[in-house]
Every structure is written in structure tokens, then in C-alpha cells.
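Worksheet for the structure shown next.
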Amino acid sequence: MEQLYFTVDILGTVAFAISGVLVAMEKRLDLFGVGIIALVTALGGGTLRDLLIGNLPVNWTTTLVYMYVILGSVMVAVVFQSRLKYLRTSLFLFDTIGIGLYTMVGIEKGMEAGLQPLICIALGTITASFGGVLRDILCNEIPVIFRKEIYATACILGGIGYFLLLKTPLPPAYAYLCGAGLVIGTRLLAVRYGIALPDIYRKRL
Amino acid sequence: MEQLYFTVDILGTVAFAISGVLVAMEKRLDLFGVGIIALVTALGGGTLRDLLIGNLPVNWTTTLVYMYVILGSVMVAVVFQSRLKYLRTSLFLFDTIGIGLYTMVGIEKGMEAGLQPLICIALGTITASFGGVLRDILCNEIPVIFRKEIYATACILGGIGYFLLLKTPLPPAYAYLCGAGLVIGTRLLAVRYGIALPDIYRKRL
Amino acid sequence: MEQLYFTVDILGTVAFAISGVLVAMEKRLDLFGVGIIALVTALGGGTLRDLLIGNLPVNWTTTLVYMYVILGSVMVAVVFQSRLKYLRTSLFLFDTIGIGLYTMVGIEKGMEAGLQPLICIALGTITASFGGVLRDILCNEIPVIFRKEIYATACILGGIGYFLLLKTPLPPAYAYLCGAGLVIGTRLLAVRYGIALPDIYRKRL
Chain E
1 MEQLYFTVDI LGTVAFAISG VLVAMEKRLD LFGVGIIALV TALGGGTLRD LLIGNLPVNW
61 TTTLVYMYVI LGSVMVAVVF QSRLKYLRTS LFLFDTIGIG LYTMVGIEKG MEAGLQPLIC
121 IALGTITASF GGVLRDILCN EIPVIFRKEI YATACILGGI GYFLLLKTPL PPAYAYLCGA
181 GLVIGTRLLA VRYGIALPDI YRKRL
Chain Z
206 MEQLYFTVDI LGTVAFAISG VLVAMEKRLD LFGVGIIALV TALGGGTLRD LLIGNLPVNW
266 TTTLVYMYVI LGSVMVAVVF QSRLKYLRTS LFLFDTIGIG LYTMVGIEKG MEAGLQPLIC
326 IALGTITASF GGVLRDILCN EIPVIFRKEI YATACILGGI GYFLLLKTPL PPAYAYLCGA
386 GLVIGTRLLA VRYGIALPDI YRKRL
Chain R
411 MEQLYFTVDI LGTVAFAISG VLVAMEKRLD LFGVGIIALV TALGGGTLRD LLIGNLPVNW
471 TTTLVYMYVI LGSVMVAVVF QSRLKYLRTS LFLFDTIGIG LYTMVGIEKG MEAGLQPLIC
531 IALGTITASF GGVLRDILCN EIPVIFRKEI YATACILGGI GYFLLLKTPL PPAYAYLCGA
591 GLVIGTRLLA VRYGIALPDI YRKRL
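Chains as they are written, first to last, in my numbering: chain E, 1 to 205; chain Z, 206 to 410; chain R, 411 to 615.
This is the structure:
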């Protein structure tokens, strides 16, 4: 179980790092810029969460494994850049798994800090999505998650599901897995069936 | 008194949240994007201030009322989007009152942390203006307060006035109100009479 | 020695502040905007570093000298704006010295917090380069250091050199100076001979 958790966490980190590399290379940044964008994409969400709840020094300054994994991913991604497009589906899958897991990690950290469910869900969503927001800001784009994808919405649904399940006799570990599954399932279904948030704009605004 | 303070604080939060909604909708963000921009606009200044002085976890993770007020404002603003333009004057007034109050809250937090007046004024200005800066960055604009409005300048003047009044026999509570009034008055007068900062650029630069 | 250190630190702060003024004036920001960009450029790197390692309240809220130096630099730079171009070489030199020193300050703070060398080097690089990143983001540009200059790379090389020298019998103070010198030397040589990071893009991508 521990090992499965760790494996998926690392896969999520790899996917986030590579998504950073892809955006940075589209902007033709240099090697350093690509590396930084990868780091920020993979570590940004957890960093903001730790800052907000005062969990300092932030996690990645004391656990080096994430940094090695990210820098390794950058090197592999740069070397095999022309083949990355064939991995698009796998990357999307890793990314989605990463989001599910990061959401639950964020929620758990909020609970450890004694915060209320609504805030925990916000922290989970921040953990899963803020890295991508920073990636897009650094590349001078309006963050993609504000524009078109069911992404944060999946995190919020998963978080709500988790807190509802915690009120049932289900063991917490199962609620945790179901929460992550709900995030992942929502996103996969939304992308598969082209579901988007309801359009809030009146015609002829 | 307490109740007046609370009422104005909430009105300021509503005004900041709605100003976020307006900018986000101009950029045609989706519902989630609009909500986030509203949250960031209303909470961003206080968050940065709390981070800088180490007041962690930051305020809004432990007091839920702000979050409810903001999310409620977003819903109302989205539903009544076509009528928001008629409220432009009221919104400007709330916003200005919010700035005055947020400035004083920031100054007070700095004083509680034992910091010097100059730094307290900086923290007050950050509290009042950084939410708008973040809003503009997330929407990929150069922050409006760097370009054309007497805004932060009003915060700074109010802060200076407050510290000067503290040296007089006036009770601190009055100095506090005068400080907030000075921020509000400066901004209203500047907008009413089109006063701007002096132009620093030489012709034919 | 102490005095030399202090002098160079102040010169670096001046150079960072003026580089902020130059970018902000190119964007035609108003006086307040120019001042904020100068403050952010000079203080941003140290602020992020202090946040990440939990060194709160951050340094500049308790030591006022930096703020005075920066505000003074802004005034001088605005008044003598038409002559700044003649100082381009001196400014570049100050800036480079500032980077060397800021890198070492960041590394030292990381070591004081008991962090590993890799993280200390990251913190040194952040201290030296994040102010410029924030400056460019606030001015709505892709940060220049992600695109074309040997800058952060110089910080990283200097940091590596410093940790290698610490393993020799050389006194730590000399290792410190050599580290700073390595940063400065790398950048000067790179700019003088037009050395850039290797191009990572395949032709006909």
C-alpha cells in the first residue's frame, strides 16, 4: 500500500514535470528555463499549500527525491523531445492520477493542521492545480484551468466525496482512495465526453 | 462600533470579490476561473501580508465567513451580470471603503508584530492593493495600479496620517478612523478631480 | 571585511533596484509602479527564500536600510533618467556583483537552516534571480533569465564550486569569496564571449 502510494506519487510528479517541459519548449525557453518551469509545475502547488498553513520549511527543501525525479524527467524529456507526442495519452493518464493524489495529500495536510473541510478541499485543489497555474503565468499565458478544462472542479468533487464518505462507517483509507478515484474518474469522463462547466455568459453580452 | 467595523469589512470584501468577477468575465474565463479570481482579489492582499510577517496559517484558512461571502458574491454577480453596470458607482464606493479599511487592518497587524511605521505602512498598502495586482497578473494584464490610478498612494497617505495622529493626544481609535478616512477621501477626491501622480517621463525620451 | 561585504551588498541592491526602474520605465508605469517594481526586483529573491525556509518575518521588514537604499535609488534614477544609459556598464557590473553576493547569502541561509547542499544551491539561485523574475512577470514579460542569459547557471556553478571548496582545507571564508567570484567570473566571461546554454531544440521541430 505504502509502496503503491509512493509509486503513484512519483508518476504524478513525472507527469507534472513533463507537462512543464512541454509548455516551456513551446515557448522556446532555454535549458535553464525549461528546468525551472518543470520544477515549478511539479512543486508549486505543494509549496503554496505549505506556505498558507505554515508548514515550513516547505516539503521539497527537506526531501530530495522529488528534485531528483524532476531533474531526471527534464533530461529524458529534452533528449526524447521528438517522441513525446506518442506518449500524450500516457502523460495525460499520469497527470490525472497525479491530480487525484495531490488533491488527497493537500486535504490530509489541511486536516493535520486542524482546518475545516471547506478549507481542506481548497488546499487540496491548490495542491493539485497551482503548479499548472504558475507554469502558465511564467510562460505569459492566462492559466489554462481558468479557461476550458474540468480540472479543479474534479478536485473539488473528489474532496466533497471524501468528506461525505468519512461520515459513513467506511474505513478512512477506503474513503481516501475513493476520493482520489472520484477526482480521476471525473476528469477522465469529462475529457472523454467533452463535458465542460456550464457557460455563464449571456449571448450578446 | 465593532459591528460597524465588521459591516464595512464585509462590504469591502464583497466589492473586491465583484471587481474580480468583472475582470475575469471580461476575459471570458469559465465559472471556476471567475470564482478563483474573485477569491484571489479579495484574499490576496491579506494573504501576502500574513506570509511576510509569519502570521500562519493565514487568516482565511481559519475564519470561514470571508469564503462564504466571496462565493455568495460570485454567484449573485454571475446571475445578475447584465445589471452590474448600473451598480458601478456603489461598487466603486465599497471598493474605496474596503481599501481604507484593509489599509488600517494591515497597519495594525504590522504593529502587533512589533514592526516599524514605514514597514507597517508598506504592509497596509500590500493588504489593500495586492489582491488587485494578483487579479491582473492572473488575467495577463500589467496591474492597473502601476499605471494610472491614485490607489496605493492613498493608502500611503492614510498610513502616514495615522502615525502622525498617534503622536497627538487624540485617542488611538480616532486616529484609526481618521487614517481610514484619509485613504478614502484621497481616493474619492483624486477620482473626482482627475488627480494623478506627476508624470515622470521627459518628453522625447 | 565586514565593511567591504556591506558595501558590496548595498551596491548590489542599488543595481537591482535600478534594473527594476529601467524595465518599469520602458513600460511607462507611473511613479508608484516604478517604485514597486524596484522594491520587488531588489527584495523579491530574498523574500521567497525566507518564505520557503520559514525565516519569518522576512528580513526587509525588520532591517530598514534596504528600503531606504532602494527608495533613494529610485529617486536618483528617475531624476537622472536621461543619463542612465551612460552608466550601463557600471550597472551591469554592480548587478553581477550583486548576483554573486546574493547567491552566497542564500546558500548560507540554507546551511543555517540545516538543509542539504543541492537545496542550498537552489536557495542561492532563487535569492539571486527571483527578483528579476518577479519584475518581468509584473511587467507582463516572459522572464528574461528563462530565455537568453547565462545568469542562474552562473549561480549554480558558483554554488557547486563553494561546496567543493568546503571539502578542502581552505578556510570557509575563502571558499565563500571564491564561490561569489565564480558566479561573477562566469557571468562576465559568458557575456564577454557570448556564451549561451546549449540549444536544446532540434531543427525542424
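Beta carbons: idealized from backbone N, C-alpha and C, even for Gly.
In this text, all values refer to a predicted model and were calculated from it rather than measured experimentally.
- The C-beta of tyrosine 162 of chain E comes no closer than 8 Å to any C-beta of chain Z.
- The residue from R/Thr423, R/Ile610 and R/Gln491 with its alpha-carbon nearest to that of tyrosine 512 of chain R is R/Thr423.
- Distance from the CA of leucine 458 of chain R to the CA of leucine 466 of chain R, rounded to the nearest whole angstrom, comes to 11 Å.
- Glycine 569 of chain R: member of the alpha helix (DSSP H) spanning 562-576, first to last residue.
- When rounded, the separation of the alpha-carbon atoms in serine 224 of chain Z and isoleucine 145 of chain E is 20 Å.
- Counted as a single uninterrupted DSSP element, the alpha helix (DSSP H) harbouring tyrosine 584 of chain R occupies residues 582-602.
- For the region 216-241 of chain Z, residues whose beta-carbon sits nearer than 8 Å to a beta-carbon of chain E comprise Ala229, Met230, Lys232, Arg233, Leu234, Asp235, Leu236, Phe237, Gly238, Val239 and Ile241.
- The Cβ of proline 57 of chain E sits closer than 8 Å to at least one Cβ of chain R.
- For isoleucine 480 of chain R, the enclosing alpha helix (DSSP H) begins and ends at 475-489.
- Not flagged as an interface residue toward chain E: threonine 332 of chain Z, since no C-beta distance is shorter than 8 Å.
- Taking 4 residues as the shortest admissible run, the region 496-562 of chain R contains the following complete alpha helix (DSSP H) segments, listed from N- to C-terminal end: 498-522 and 527-548.
- Ranked by Cα distance from proline 172 of chain E, the options E/Leu43, E/Leu189 and E/Met111 are led by E/Met111.
- Cβ-Cβ separation between threonine 596 of chain R and glycine 541 of chain R: approximately 19 Å, too far for a contact (criterion under 8 Å).
- Against proline 348 of chain Z, the close residues of chain R are Leu548, in the order they occur along the chain (beta-carbon pairs closer than 7 Å).
- Excluding the 5 residues flanking it on each side, valine 468 of chain R has same chain C-beta neighbours closer than 6 Å at Thr457 and Asp460, in chain order.
- From the beta-carbon of alanine 523 of chain R, the residues of chain E found nearer than 9 Å are Pro57 and Thr61.
- Neighbourhood of isoleucine 400 of chain Z in chain R, by CB distance below 8 Å: empty, with the nearest CB roughly 12 Å away.
- Annotated three-state conformation of valine 468 of chain R is coil, per DSSP.
- Pairwise C-beta distances place the region 501-520 of chain R in contact with the region 575-593 of chain R, as three or more of them are shorter than 8 Å.
- The beta-carbon of proline 377 of chain Z is placed no less than 8 Å from the nearest beta-carbon of chain R.
- Ranked by how close their Cα comes to the Cα of valine 431 of chain R, the residues R/Gly445, R/Ile420 and R/Ala538 have R/Gly445 in first place.
- One alpha carbon belongs to tyrosine 561 of chain R, the other to arginine 493 of chain R, and they sit about 26 Å apart.
- In the displayed model, isoleucine 610 of chain R falls within coil according to three-state DSSP, outside both helix and strand.
- Isoleucine 547 of chain R is positioned such that its CB atom lies closer than 8 Å to that of isoleucine 342 of chain Z.
- Rounded to whole angstroms, the gap between the alpha carbons of tyrosine 381 of chain Z and aspartate 214 of chain Z is 14 Å.
- Neighbours of glycine 364 of chain Z in chain R, taken as residues whose beta carbon is under 7 Å from its own, are absent, since the nearest beta carbon is some 14 Å off.
- The Cβ of threonine 252 of chain Z sits no closer than 8 Å to any Cβ of chain R.
- Under the Cβ criterion of 8 Å, tyrosine 611 of chain R is counted among the residues facing chain E.
- Our two residues, tyrosine 478 of chain R and threonine 96 of chain E, have alpha carbons roughly 48 Å apart in a direct line.
- The straight-line gap separating the alpha-carbon atoms of phenylalanine 94 of chain E and glycine 100 of chain E is approximately 10 Å.
- Within a 10 Å sphere around the beta-carbon of alanine 401 of chain Z sit fewer than 16 other beta-carbons, which makes this residue exposed.
- CA-CA distance, glutamate 436 of chain R to cysteine 565 of chain R, rounds to 27 Å.
- Apart from sequence neighbours up to five positions away, the residues of its chain that approach proline 117 of chain E with a beta-carbon distance below 6 Å are Phe163, ordered along the chain.
- Each residue's CA atom was taken as its position, placing alanine 327 of chain Z and threonine 472 of chain R some 12 Å apart.
- Looking from the CA of phenylalanine 237 of chain Z, the closest CA among E/Gly194, E/Leu188, E/Pro143 and E/Leu64 belongs to E/Pro143.
- Taking the CA atoms as reference points, alanine 17 of chain E sits about 23 Å from asparagine 345 of chain Z.
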